[in-house]
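These notes are about the structure you will find just below.
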Amino acid sequence: MHQFSDAKAVVRAFAPDEPVILNRPHAAARAARFFTEKFPGTSMYAVKANPSPDLIQILWDNGVTHYDVASIGEVRLVRGLLPDATLCFMHPVKTPRAIKDAYFDHGVKTFSLDTVEELEKIVAATTDEHGNAASDLNLLVRLRVSSEHSQLSLASKFGVDLADAAPLLQATRQYCDALGICFHVGSQAMTPFAYVQALERVRAAIAEAAVTVDIIDVGGGFPSVYPDLEPPALEDFFAMIHRHFEALPISYSAELWAEPGRALCAEYSSIIVRVEKRRDNELYINDGSYGALFDAAHVDWRFPVRALEDDLIKPLSEFAFYGPTCDDADYMKGPFMLPEDIQAGDYIEIGMLGAYGAAMKTDFNGFGAVEAAMVTDEPMASLYRGDRPDPRASDNVVSLR
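Everything in the sequence shown is counted per the working numbering, starting at 357 for the first residue and increasing by one.
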């Protein structure tokens, strides 16, 4: 992979016809060190956010030893790259074959669940040919919690309701070496209070079930920085989580886990696109909703943008994007702020695409070809450089730093 100083250097060198993904290994390494050094527990990378082998290796090299895998494909990917990594199969609905292969072939001991049926499935799939049930399982019951403080909800599909949690916790306790409770507050949580609410629900579940809990996994949701989405410092999230974890009625040796995805990889990548046509304030670009910009189209995510031409002199104006396919749904309303005089043939860098950008890309309609390069400049925004203003967590949460 070629290395350049920044996006403009790539454009000058190639004037590329296809989109170019720009990777910043130093940004991912910095995020990994931040979490491994400052989060008061175990940080396991949520592979679904970006399954790039290069990224996974960077995270490992900078202290991330645990990986949240959600499919047997991700199990095989990470195990093939990192023979010594700890893999946790955190999808609450798995096939029996996936569980069996993960446990017997890849050494996976940790599984999540949210129903008795899934518990029975895990127990059966990890029982050996002689009828001996596994005695070394870590089983985490996923509790449904609110996503009201997050930009993308994850409250509907998975999780046992609090009213039904006690019997499931009691049943699960009978089949595991370590019992855990996990949850997910939703993607891009904008206040630490999201975790406070969830941990209070965990407290209620433990009290009702009267079981010994060995692991509390606060899931993902840790935010990154985007236009109009300026979260509090991550240290405030960590401090609030630790305070409420310490107050739970759990085993004296209980472990605290988290599953950061976006926060570890968002700053890793950006993309260079070219304007192929302008129609008023709509720009037709060569990547879109079926490419790395899925979130910009389907959940109206606003990514930071900057024009890469030196001769654009007019003030910034609001633009929408159309992607390259023939589909009207290949549309990103933004608004994306770019110089008023931008035209066809000009290049744009779209930032903070390390999370879910590469993972969601398809070849629909014959588009999808993309180049890749490494750049050494800084991402457009960062939680880890130490140069951000210190926004308050919310009206309900006082900054702890």
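Here a beta-carbon is modelled for each residue, glycine too, at the ideal position from N, C-alpha and C.
Please read these numbers as outputs of a predicted model, since none were measured by experiment.
From the DSSP output, in three-state form, read off residue i for me.
| i | result |
| --- | --- |
| Q530 | coil |
| C682 | coil |
| L518 | helix |
| L437 | helix |
| M596 | helix |
| R748 | Residue placement at R748 is poorly supported in this model, since its pLDDT is 47, which falls under 50; the coordinates still yield a value, given next. In the structure shown, R748 sits in coil (DSSP, three-state: anything other than H, G, I, E or B). |
| Y703 | strand |
| H654 | helix |
| T392 | helix |
| L525 | helix |
| G536 | strand |
| I641 | strand |
| N488 | coil |
| L620 | helix |
| F467 | strand |
| E374 | coil |
| A676 | strand |
| V497 | strand |
| L585 | strand |
| K364 | helix |
| L590 | helix |
| A387 | helix |
| P452 | helix |
| F578 | coil |
| A603 | coil |
| A369 | helix |
| F758 | This structure gives no information on residue 758, because the portion of the chain shown stretches from 357 to 757. |
| G647 | coil |
| G429 | helix |
Contact defined as beta carbons within less than 8 Å: I believe residue i pairs with residue j. What is the distance between those atoms, to the nearest angstrom?
| i | j | result |
| --- | --- | --- |
| Q699 | V631 | 7 Å |
| G304 | H540 | There is no way to answer for residue 304, as the model of the chain reaches only from 357 to 757. |
| L518 | A563 | Not quite, the Cβ-Cβ distance comes to about 11 Å (not below 8 Å), so this is no contact. |
| D573 | E615 | 7 Å |
| I412 | V431 | Not really, about 13 Å apart at Cβ, beyond 8 Å. |
| I414 | S625 | Going by Cβ atoms, the distance from I414 to S625 rounds to 12 Å, so no, they are not a contact pair. |
| E623 | G710 | 6 Å |
| G419 | A388 | 6 Å |
| G515 | D470 | 6 Å |
| D702 | A663 | 6 Å |
| P727 | E374 | Looking at the sequence shown, residue 727 is not Pro but Glu. Contact holds; Cβ gap of about 6 Å. |
| A685 | S645 | 6 Å |
On the DSSP letters alone, give me the boundaries of the alpha helix (DSSP H) that residue i sits inside.
| i | result |
| --- | --- |
| Q413 | 409-417 |
| L475 | 472-481 |
| A554 | 549-565 |
| A715 | 713-716 |
Between residue i and chain D, is the shortest Cβ-Cβ distance under 9 Å, so that the two count as touching?
| i | result |
| --- | --- |
| L411 | No chain D is part of this structure, which consists of one protein chain only. |
Which first and last residues belong to the beta strand (DSSP E) in which residue i is found?
| i | result |
| --- | --- |
| K758 | Since the displayed the chain opens at 357 and closes at 757, residue 758 lies outside it and no answer follows. |
| Q544 | 543-545 |
| G690 | 687-695 |
| A663 | 661-663 |
| L508 | 506-508 |
In the DSSP output, which residue or residues are listed as bridge partners for residue i?
| i | result |
| --- | --- |
| Y459 | Answer is none; Y459 lacks a bridge partner. |
| D424 | A402, C444 |
| G730 | Before going on, a small fix: residue 730 reads as Met here, not Gly. In the DSSP output, where bridge partners are listed per residue, M730 has Q359, N379. |
| I572 | I537, L612 |
| R741 | DSSP, once it has assigned bridges, lists no residue as partnering R741. |
Just to confirm, does residue i get its C-beta within under 8 Å of one of the non-hydrogen atoms of the ligand ADP?
| i | result |
| --- | --- |
| F391 | This structure lacks the ligand ADP, and indeed carries no ligand of any kind. |
*How do the stretch 662-682 and the stretch 539-554 stand: do at least 3 beta-carbon pairs fall below 8 Å, yes or no?*
no
*Taking one C-beta from the stretch 582-591 and one from the stretch 450-468 each time, how about it: are there three or more such pairs within less than 8 Å?*
no
*Determine, using beta-carbon pairs with one atom in the stretch 675-694 and one in the stretch 720-732, whether at least three such pairs fall under 8 Å.*
yes
*Given 8 Å, three or more beta-carbon pairs between the stretch 652-659 and the stretch 727-735*: Contact fails: fewer than three Cβ-Cβ distances are below 8 Å.
*Okay, do the stretch 708-718 and the stretch 400-417 touch, 3+ Cβ pairs below 8 Å being the bar?*
yes
*asked:* For the structure I just gave you, are there three or more beta carbon pairs, one from the stretch 562-575 and one from the stretch 609-619, closer than 8 Å?
replied: yes
*Could you say if the stretch 489-499 and the stretch 526-537 meet the contact criterion of at least three C-beta pairs nearer than 8 Å?*
The stretch 489-499 makes contact with the stretch 526-537; the number of CB pairs closer than 8 Å reaches 3 or more.
*Counting pairs of beta carbons, one from the stretch 411-425 and one from the stretch 436-446, are three or more of them closer than 8 Å?*
Contact check between the stretch 411-425 and the stretch 436-446: three or more CB pairs, one atom from each, fall below 8 Å, which counts as touching.
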